[in-house]
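Protein chains: 2
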Amino acid sequence: MPAADLMTVGNLGESGLLKRILPRLQGAPALLGPGDDAALIAAPGGKFVITVDTLVENQDFRLSWPSGFRSSGFDVGWKSAAQNLSDVNAMGAIATSAVISLTLPHSTPISWVEDLADGFSSAVRELGACECAIGGGDLGRGSELSITAAVTGALATDRAVLRSGARPGDVVAVGGVLGVAAAGLALMDSSVSHVEWTEDEKVLVLGQRRPTPPLAAGPDAARAGASAMMDLSDGLLKDGRRMAIASGVAIDFDTRSLEADALRLSRAAARLGREAMDWVLGGGEDHGLLATFPKVEDLPDGFRAVGMVRKSTGGEPGGEVLLDGRRADSAKGFDHFEG
Amino acid sequence: MPAADLMTVGNLGESGLLKRILPRLQGAPALLGPGDDAALIAAPGGKFVITVDTLVENQDFRLSWPSGFRSSGFDVGWKSAAQNLSDVNAMGAIATSAVISLTLPHSTPISWVEDLADGFSSAVRELGACECAIGGGDLGRGSELSITAAVTGALATDRAVLRSGARPGDVVAVGGVLGVAAAGLALMDSSVSHVEWTEDEKVLVLGQRRPTPPLAAGPDAARAGASAMMDLSDGLLKDGRRMAIASGVAIDFDTRSLEADALRLSRAAARLGREAMDWVLGGGEDHGLLATFPKVEDLPDGFRAVGMVRKSTGGEPGGEVLLDGRRADSAKGFDHFEG
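Encoded structure:
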């Protein structure tokens, strides 16, 4: 066998690899954790939410970038946890369990996989998902590196907060940052060498590498009577349009309320010749929350008003996004199969 | 756009593809099904089991075979459902929800993906998982086709049946078929053209393409007081060794009790120049159950006695598999990273 730091997945058997990874997957205690056919999890309230998401190399993440930056296994593990925890958050629920399935090429260094497990666990812990047990998972071989996580959650109140509940007159609110992950992506993807990044730019890149969904805000919004809520994974306009269609309403964003978000990104935008407001409106992967509330006084800590729900003007497909009262170009945002 | 039957994933956007797939993913009604950030599922008993498994093209399944046979999307969808439902079954639980994540190359025909969704749903229904809601999932692009499913289940009794509960003196029992999937795999992988397969051989191939975990048997075993149980996914010897190690015992298979299993495979074995008993002892992917019971009278319908639990002889790593009282070659069976 090669030296420890050069060991790859191909050098270890499945059980050997599991022994390296499982001790690193530390969450809340499960009723029964990894090692059997399935994990056993408590379901407070007798129901639960469940979601699943996959990250694929060179599609959802890259290991090396034009800027010279290299993504770590830790970053990828963090991101996998964060995006799934965010989906649970967006239902007004508190994560109770996670399972992970890894598909690994033979040449993947063991240390990279260990780092991924550390990143997943750290996100669960540092994002505050302290009731989330990591129930083990599955390991397999493939020519392409990918990581799938499924996460369950318990509702914070007696109802889930759906996308379909927005009503004309509701206040539209956002929890979490906007455009930071997109700005970070643009930096990683640019020809500006990563060694020249300023401290502010490094913060933006960190927002792309390790998004921080506001996990207290989802349950808080449910308790505060949010009428609709969803995860901001594909950008404010695209996700807003989804909520508008699900609710059969128009969602009208007030761009003045987003100027502070754009200002934060303006230096990086200038350096890369981009528009900061495009990142705020169209940038995905921040994993904040888009929610609607009957009254502005209902907004819990962590949310800020960014617009109003209006009656749909009746156009197809039954809902639309407006910017300052005018129809927005809702094509901005991410679609896996477009282009 | 090309003609309907030639459409690929690359021709449709993510939402277009979802519209094709979601109506085909029919299980039991969820409290809230696909379309929001997460699905909402009832958790009878206030706890649940959860498992996850991935199938990757050319690793866990192939689309074309040396025999000229071509695997359908239906087969792959069925297999994904079956192997996850089997893990839940092996805990003594009844499946309550499934979520699916698909990674698809651009060139994947839409019809193949629809067929996969049909196969997944059909397995849930035809295997008898009539309480399993299909809670939606995730779609993404990749260079390699893969499907990950996570399935949750409710315990049939007040306890999960673990691998670690086998005690000396217990009867070892099997539910479901042994070696059929391995025989089918050998046929698909052989140079004997698939058009020359006999009716008996087609049945073996079907066992590989669409395994039939005995989903009533897991809960029945829990109710009957099974002391240990696990899914037979990697072969009787390899999985038996895992149970022996988890329980700190020796598991002694009586090969006479397996002769009927081998007999069923003997013609196909003769045609391919293989040993039928090798398939019975080492063949994976049948997704039957290996269980232990305190007394032979405890065995519920669908189980047959195949051996005894004995005291471990104290060798490393604390448990072993015997064949007729002698140490078995436990290397038989499947490991994703070996070889």
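Just so you know, the sequences run in chain order A and B. Sequential numbering of the first sequence, starting at 0, is according to numbering that gives the first Met the number 0. Sequential numbering of the second sequence, starting at 0, is according to numbering that gives the first Met the number 0. Even glycine gets a Cβ: it sits at the ideal position worked out from N, Cα and C. Small disclaimer: the values here were computed from a predicted structure and weren't measured.
| query | result |
| --- | --- |
| Determine the DSSP secondary structure at glycine 164 of chain B, reduced to helix, strand or coil. | helix |
| Would isoleucine 244 of chain B and glycine 317 of chain B qualify as a contact pair, given that the criterion is a beta-carbon distance under 7 Å? | yes |
| Just mark valine 105 of chain B as buried or exposed, buried being the case when its beta carbon has 16 or more other beta carbons within 10 Å. | Per the sequence shown, residue 105 of chain B should be read as histidine rather than valine. Counting Cβ neighbours within 10 Å, histidine 105 of chain B comes out exposed, since fewer than 16 surround it. |
| Since serine 85 of chain B is in the alpha helix (DSSP H), which residue starts that stretch and which ends it? | 72-88 |
| Between the stretch 106-137 of chain B and chain A, which residues of the former have CB atoms less than 7 Å from a CB of the latter, in chain order? | Gly134, Gly136, Asp137 |
| Excluding sequence positions up to five away, which residues of its chain have a Cβ less than 7 Å from the Cβ of alanine 29 of chain B? | Ala38, Leu39, Ile40, Ser96, Ala132, Gly134 |
| Straight-line CA distance for glutamate 113 of chain B to serine 79 of chain B? | 14 Å |
| Leaving out the 5 sequence neighbours to the left and right, which residues in its chain are closer than 7 Å to glycine 118 of chain B when beta-carbon positions are compared? | Gly72, Phe73, Asp74, Val75, Gly76, Trp77 |
| Take the Cβ of glutamate 198 of chain A as the centre, count every other Cβ of all protein chains shown within 10 Å, and call the residue buried at 16 or more, exposed below. | exposed |
| Would you decide whether arginine 325 of chain B is buried or exposed? Buried here means 16 or more other CB atoms lie within 10 Å of its CB. | exposed |
| Strictly by DSSP, which residues pair up with phenylalanine 68 of chain B? | Its beta-bridge partners do not exist; DSSP assigns none. |
| Taking the straight line between their C-alpha atoms, what separation do you get for valine 194 of chain B and isoleucine 99 of chain A? | 40 Å |
| Does tryptophan 77 of chain A come within less than 7 Å of chain B when only Cβ atoms are used? | no |
| Any idea what DSSP makes of glutamate 200 of chain B, helix, strand or coil? | helix |
| Return the first residue and the last residue of the beta strand (DSSP E) that aspartate 230 of chain A is part of. | 227-231 |
| Please go through the same chain and pick out, in chain order, the residues whose beta-carbon is closer than 8 Å to the beta-carbon of valine 87 of chain A, but skip the five residues on each side of it. | Val48, Thr50, Ile93, Ala94, Val150, Thr151, Gly152, Gly217 |
| Give a yes or no on whether 7 Å exceeds the smallest Cβ distance from alanine 38 of chain A to chain B. | yes |
| Pull up the distance between the alpha-carbon of aspartate 323 of chain A and that of aspartate 253 of chain A, whole angstroms please. | 5 Å |
| Reducing DSSP to helix, strand and coil, say where leucine 39 of chain A ends up. | strand |
| Would you check if there are 3 or more beta carbon pairs closer than 8 Å linking the stretch 269-277 of chain A to the stretch 224-237 of chain A? | no |
| Taking only beta-carbon atoms, is phenylalanine 47 of chain B less than 7 Å away from chain A? | yes |
| Report buried or exposed for asparagine 83 of chain A, applying the criterion of at least 16 other Cβ atoms within 10 angstroms of its Cβ. | buried |
| Starting from methionine 187 of chain B and walking both ways along the beta strand (DSSP E), at which residues does that stretch end? | Taken as a continuous stretch (DSSP letters only), methionine 187 of chain B belongs to no beta strand (DSSP E), being part of the alpha helix (DSSP H) at 179-187. |
| Indicate whether at least one CB of chain A lies closer than 7 Å to the CB of threonine 156 of chain B. | no |
| Given a limit of 8 Å on CB to CB distance, which residues of the stretch 18-33 of chain B reach chain A? | Leu30, Leu31 |
| List the residues of chain B whose Cβ lies closer than 9 Å to the Cβ of glycine 206 of chain A, in chain order. | The contacting residues do not exist; glycine 206 of chain A stays about 20 Å from chain B at best. |
| Looking only at its own chain, which residues have a Cβ that is under 7 Å from the Cβ of alanine 185 of chain B, when we skip the five neighbours before and after it? | Leu271, Arg273 |
| From this set, A/Gly224, A/Leu16, A/Ser85, A/Leu144, which residue's C-alpha is nearest leucine 62 of chain A's C-alpha? | A/Leu144 |
| Which value, in whole angstroms, describes the spacing of the CA atoms of alanine 330 of chain B and isoleucine 146 of chain B? | With a pLDDT of 44 at alanine 330 of chain B, under the threshold of 50, the predicted position of this residue should be treated as unreliable, though the coordinate-derived value follows. Going from the Cα of alanine 330 of chain B to the Cα of isoleucine 146 of chain B covers about 28 Å. |
| From alanine 304 of chain A to lysine 294 of chain A, what distance separates their C-alpha atoms? | 10 Å |
| Is there a Cβ from chain B that is less than 7 Å from the Cβ of aspartate 238 of chain A? | no |
| Quick one: which chain B residues come within Cβ less than 8 Å of aspartate 74 of chain A? | What aspartate 74 of chain A touches in chain B: nothing, since even the nearest Cβ is about 18 Å away. |
| Under the three-state reduction of DSSP, which class applies to lysine 237 of chain A: helix, strand or coil? | helix |
| With 16 as the cutoff for other CB atoms within 10 Å, does proline 65 of chain B come out buried or exposed? | exposed |
| If you count every other CB in all the chains shown that lies within 10 Å of the CB of alanine 42 of chain A, and 16 or more means buried, which is it? | buried |
| If we ignore side chains and look at the alpha-carbon of each, how far apart do leucine 154 of chain A and glycine 283 of chain B end up? | 39 Å |
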